Amino acid sequence: MAEVGSTDTSDTSRFGRRGFLWTLAAGAAAGGGSLLAGGPAWASPDGSGHDVRTLVPGDLSFSETVAFTPYSVVSPNFRQLDDRFHTDTLGRYERLNPVAGEAAADLAAGDGALRAAGTAPYFTLLRSATAQRAPYSAVVADVRAPAGSGGKHDTVLVGLARDADHHVMGWYNNATGTAGVDVLVEGEVTTIGAVQAKLTAPFRLAFTLAGPGVSVLADEGDGWHVLTRTALNGLLDLRGIGGSVASTTFDVAPKVPADGTLGQLFTADRPFTGVGGRFPTYRTAGCAVTLSLYRGGPGGELITSSRLTDVPDNAWQFLTADEPLPAGTYYLEQSQPLGPVAWWTSSTDAVDWGTAYENGEAVEGDRTIRVLFPAAETAAQLLATYRNTVGVRADSGTIVLDRFEAGYFGQAGVRDPCIVTWPDGRPYIADGSLYLTLTNNGLGGGIPSAHMGVFRMPLDDYEKLEEVGKIFQARGGLVLGDHAGRVVYDPAAHCFRVMAVTFGDNDVYGDSVTEYATARSDVLHGVSVLAPRPVVRGIDPYPVRINGRWLLALSDGGRTVLYRFGDDDFNGPAVAAENDNGGVYYEGTKLCRIGLEWYVLTSSGGDYRVYDLRGTLVGNLDAPHPGGYIPHPMVLPVPLTGNRTRFLHLSMDGVSDPVSGAFGRFHVNTCDQTVRGREFPAR
8 MAEVGSTDTS DTSRFGRRGF LWTLAAGAAA GGGSLLAGGP AWASPDGSGH DVRTLVPGDL
68 SFSETVAFTP YSVVSPNFRQ LDDRFHTDTL GRYERLNPVA GEAAADLAAG DGALRAAGTA
128 PYFTLLRSAT AQRAPYSAVV ADVRAPAGSG GKHDTVLVGL ARDADHHVMG WYNNATGTAG
188 VDVLVEGEVT TIGAVQAKLT APFRLAFTLA GPGVSVLADE GDGWHVLTRT ALNGLLDLRG
248 IGGSVASTTF DVAPKVPADG TLGQLFTADR PFTGVGGRFP TYRTAGCAVT LSLYRGGPGG
308 ELITSSRLTD VPDNAWQFLT ADEPLPAGTY YLEQSQPLGP VAWWTSSTDA VDWGTAYENG
368 EAVEGDRTIR VLFPAAETAA QLLATYRNTV GVRADSGTIV LDRFEAGYFG QAGVRDPCIV
428 TWPDGRPYIA DGSLYLTLTN NGLGGGIPSA HMGVFRMPLD DYEKLEEVGK IFQARGGLVL
488 GDHAGRVVYD PAAHCFRVMA VTFGDNDVYG DSVTEYATAR SDVLHGVSVL APRPVVRGID
548 PYPVRINGRW LLALSDGGRT VLYRFGDDDF NGPAVAAEND NGGVYYEGTK LCRIGLEWYV
608 LTSSGGDYRV YDLRGTLVGN LDAPHPGGYI PHPMVLPVPL TGNRTRFLHL SMDGVSDPVS
668 GAFGRFHVNT CDQTVRGREF PAR
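Taken in order, the sequence shown gives residues 8 to 690; the numbers are from my numbering.
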């Protein structure tokens, strides 16, 4: 997609308040013709007022209206349990004693309190009958009073338990002034993320599980603050992902010799299902390499080989086996490169279970490598058995709790705003509220700790944003929080069309693939677990059906790409247009109708770009931009009374709060102008 016109937007005085560089030229197209039927290049109207029949993006400017941070530990509409102990509810719980030799607590519930008491050391967990269908949970206990008896333990625990030998629990120990997370597997406990902490009762104690990450928080009356957050690192993974071992450190990236090989010898101590490395291609399109796995070492028995084409930059690339391969010594090798394919490598030895090779000879250092082991159970099996749990442990004395609450984790800030629409791109507005999706940030665990939430925003009060739906994805026996997605309601097909990006297992596989699923049930409300399939590589998908054909805008390695499809099920993708953005990284792609034309909007760390459907750069959107962070250019028309329209711009920023762990404020920017007419006919 040829880029026409200047990309320098720093000289705003040249273009005035509207800040829009007009370069839309009739017939200026590359990488495919216009996907609209002969649409003209509309000129900006004069000062007499704007009209949708002549409106162009340069006529619009936006000003910030509100900016705030959505934050909830247990999402209010997604509580699974809320016990305030008004009556004796102990019969609802299974009592577990994780440590042999420690007595069970004497428990009493009623009159608004749960009391746990004992004159000798006690340890009891109360496992509820409630659980979540996805590994994005929050469990909270309101602590009225600790035991105050000193010793080694004066502890409240909150988390998920399977039985007396299996749990993951966040805890606060008043006796030692510490907090942390215990992971109990087969009766063996591992403590992670332990920190010093001193809380003053009464306080609230929370545990969150979000994909591979866990966190412990407290609220002493002035809001939630993070005590500790960490990753489970394979100790327990309720996503259904098996364990792995990896060497991920690197300081060099040798390229594969044109007529030679790079490799890594490794020893697996148990059966494994896959192995891969991380390969840079320096954002070069069309790179290819052959990846092969041998038994024993270079020249050994060839087990499998695959020609990898259009290798994405810096992504993990794997060879997988249908059945687990036995423990032993193996050799992973790159050969036959096309383009600047390399292998991220540590120049010094990083692991004691392997070594690097070049051209069949051992060399110092280790390549990045990850060996994948099979999971013993699927995510569905794990999630059904790990249930919301609260616990008490003390050397003696009485611990008093006021409330036990659990459900789906909400969010610690948001990103990736994307409106729900009808197939033609019309915003989905019901009862005066706009529906949209947001990526709910997690507190620990990186990208896979986030998940996709559906929100309802009243158009007369943007700050009453309310989460009403959660969407998760089940693929390959896993349940994941794939996100940065989009929802389309298609009444003709009697379904919701949902796209998301394979970020839910990004910590292991590093994939960035757009996936697609349909649902006949209402995904806008409640919890949905969908079964997607891959469509194309790339992130931030935005599909719209224009002139009877589905178009999909997305970002692939920072390039802006527009696809068209051969049918309504997103089969047969073909590139309609693309742009490398002059080598600058852009993402957050959106398709937006402004006036009579459709445009592709995308964002970098410094500006918002606007392309037409031919791929021609026509200018920059005049909207607030938090420089240094990549927000989203989600522009939508809102119908007003009197046959007028106002546009909104939904975005986010990179503002973080180290105390609460929040990252990302939600922004609503309002257009400074209103427009005569409607972008879409009344429905």
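Cβ atoms here follow ideal geometry from the backbone N, Cα and C, with glycine treated the same way.
Remember, predicted model here, so these are calculated numbers, not experimental data.
Do G484 and A401 have their C-beta atoms within less than 8 Å of each other? Position 477 of the sequence shown, counted from the start, is the residue given in the question as residue 484. Position 394 of the sequence shown, counted from the start, is the residue given in the question as residue 401. Not closer than 8 Å, so no.
How many Å lie between D701 and F411 at the Cα? Within the shown structure, residues of the chain are numbered from 8 to 690, placing residue 701 beyond reach of any answer.
Report the start-end ranges of each beta strand (DSSP E) in the region 114-163 that is 3 residues or longer and not cut off at the edges. 120-125, 129-134 and 143-152
The beta strand (DSSP E) with A275 in it runs from where to where? Locating residue 275 in the sequence shown gives position 268, counting from the first residue. A275 -> beta strand (DSSP E) spans T268 to A275.
R493 and C599 closer than 8 Å at C-beta: Stepping through the sequence shown from its first residue, residue 493 is reached at position 486. Stepping through the sequence shown from its first residue, residue 599 is reached at position 592. No, they are not a contact pair.
In three-state terms, what does DSSP make of I454? Residue mapping note: residue 454 aligns to position 447 of the sequence shown, counting from 1. DSSP places I454 in helix when its eight states are reduced to three.
Check for me: the alpha helix (DSSP H) holding Y592 runs from which residue to which? Residue 592 sits at position 585 when you count from the first residue of the sequence shown. Y592 -> no alpha helix (DSSP H), and no H or E assigned at all.
Report the rounded CA-to-CA distance for V63 versus H632, giving the unit in angstroms. The residue labelled residue 63 in the question sits at position 56 within the sequence shown. The residue labelled residue 632 in the question sits at position 625 within the sequence shown. Cα to Cα, V63 sits roughly 20 Å from H632.
Out of T137, L561, L487 and Y364, which one is the CA nearest neighbour of V3? Within the shown structure, residues of the chain are numbered from 8 to 690, placing residue 3 beyond reach of any answer.
Do P344 and D320 have their C-beta atoms closer together than 8 Å? If you number the sequence shown from 1, residue 344 lands on position 337. If you number the sequence shown from 1, residue 320 lands on position 313. Contact: no.
Could you check the C-alpha separation between L243 and A357 for me, to the nearest Å? Residue numbering aside, residue 243 sits at position 236 when the sequence shown is read from its first letter. Residue numbering aside, residue 357 sits at position 350 when the sequence shown is read from its first letter. Cα to Cα, the separation comes out at about 25 Å.
Would DSSP call V427 helix, strand or coil? The sequence position of residue 427 within the sequence shown is 420, counting from 1. V427 falls in the coil class under three-state DSSP.
In whole angstroms, give me the CA-to-CA distance for L265 and S342. Start at 1 with the first residue of the sequence shown, and residue 265 comes out as number 258. Start at 1 with the first residue of the sequence shown, and residue 342 comes out as number 335. Looking at the sequence itself, residue 265 is Ala, so the reference to Leu does not match. Distance between the alpha carbons of A265 and S342: 8 Å.
Under the rule that 16 or more other beta-carbon atoms within 10 Å means buried, what is Q139, buried or exposed? If you number the sequence shown from 1, residue 139 lands on position 132. Buried, because 16 or more other Cβ atoms sit within 10 Å of the Cβ of Q139.
Under 8 Å between the Cβ atoms of L326 and G281? Sequence index remark: in the sequence shown, residue 326 carries index 319 (1-based). Sequence index remark: in the sequence shown, residue 281 carries index 274 (1-based). Closer than 8 Å, so yes.
At which residues does the alpha helix (DSSP H) containing Y516 begin and terminate? By one-based count along the sequence shown, residue 516 stands at place 509. Here the alpha helix (DSSP H) through Y516 covers N513 to Y516.
Between the C-alpha atoms of S456 and N448, what's the straight-line distance to the nearest angstrom? Walking along the sequence shown from the start, residue 456 turns up at place 449. Walking along the sequence shown from the start, residue 448 turns up at place 441. If you take the alpha carbons of S456 and N448, they lie about 7 Å apart.
Cα-Cα separation between A124 and Y593, rounded to whole angstroms: As a first step, residue 124 is located in the sequence shown; it is residue number 117 there, counting from the start. As a first step, residue 593 is located in the sequence shown; it is residue number 586 there, counting from the start. Near 59 Å, if we compare the C-alpha coordinates of Y593 and A124.
Run the CB neighbour count on F69, radius 10 Å, all protein chains shown included, and call it buried at 16 or more, exposed below. Numbered from its first residue, the sequence shown carries residue 69 at position 62. By the neighbour-count rule (16 or more Cβ atoms within 10 Å), F69 is buried.
Proximity of A116 and L132 at Cβ, strictly below 8 Å: Taking the sequence shown and counting its residues from 1, one reaches residue 116 at position 109. Taking the sequence shown and counting its residues from 1, one reaches residue 132 at position 125. No.
Is there contact here, the region 468-478 with the region 530-542, by at least three beta-carbon pairs under 8 Å? yes
Taking the alpha-carbon of T646 as reference, which of L441, G303, L569 and H458 has the nearest alpha-carbon? Stepping through the sequence shown from its first residue, residue 646 is reached at position 639. Correcting the residue type first, residue 646 is Pro in the shown sequence and not Thr. Looking at the Cα atoms, L441 is the closest of the given residues.
DSSP on Y496, reduced to helix/strand/coil? In the sequence shown, counting from the first residue as 1, residue 496 sits at position 489. If DSSP states are grouped into helix, strand and coil, Y496 belongs with the strands.
Every unbroken beta strand (DSSP E) inside the region 335-397 [3 residues or more]: 335-345, 361-365, 368-370 and 376-379
Quick check: the region 298-317 against the region 372-379, are at least 3 beta-carbon pairs closer than 8 Å? no
Buried or exposed: which applies to A363, given that a residue is buried once 16 or more other Cβ atoms fall within 10 Å of its Cβ? Here residue 363 is taken as the residue at index 356 of the sequence shown, counted from 1. Burial call: buried.
If you run the structure through DSSP and keep just helix, strand and coil, what is P434? Counting from one through the sequence shown, the residue named residue 434 turns up at place 427. Of the three classes helix, strand and coil, the one that applies to P434 here is strand, per DSSP.
Could you name the residues of the same chain whose beta carbon sits closer than 8 Å to that of E522, not counting the 5 residues immediately before and after it, in chain order? Locating residue 522 in the sequence shown gives position 515, where the first residue counts as 1. Result list for E522: Q480, R482, D489, M506, A507, V508, T509, P539, R540, P541 and V542, in chain order.
Could you pull the DSSP bridge partners for L326 from this structure? As a first step, residue 326 must be located in the sequence shown, where it is residue number 319. BP columns for L326 point to V282.
Does the region 70-84 come close enough to the region 140-151 to have 3 or more Cβ pairs within less than 8 Å? yes
Measuring alpha carbon to alpha carbon, tell me which residue in D563, I546, D576 and R566 is nearest G555. Within the sequence shown, numbered from 1, the residue matching residue 555 stands at position 548. It is D576.
How is the beta strand (DSSP E) around H656 delimited, first residue to last? Counted from its first residue, the sequence shown places residue 656 at position 649. Note, H656: beta strand (DSSP E), R651 to M659.
Pair within 8 Å by beta-carbon distance, A581 and R571: Here residue 581 refers to the residue found at position 574 of the sequence shown. Here residue 571 refers to the residue found at position 564 of the sequence shown. It is a contact, given that the beta carbons lie within the stated cut-off.
Cβ shell of A437 (< 7 Å), same chain only, five flanking positions each side left out: Here residue 437 is taken as the residue at index 430 of the sequence shown, counted from 1. Nothing meets the Cβ criterion.
Kindly indicate which three-state DSSP category S41 falls into: helix, strand or coil? As a first step, residue 41 must be located in the sequence shown, where it is residue number 34. Residue confidence is low: S41 scores 29 on pLDDT, short of 50, so the model does not pin down where it sits. Its coordinate-derived value is still stated next. In this structure, S41 counts as coil in the three-state DSSP scheme.
Of all the options G589, E371 and F279, which has the alpha carbon lying nearest to the alpha carbon of P331? Walking along the sequence shown from the start, residue 331 turns up at place 324. Per the Cα distances, F279.
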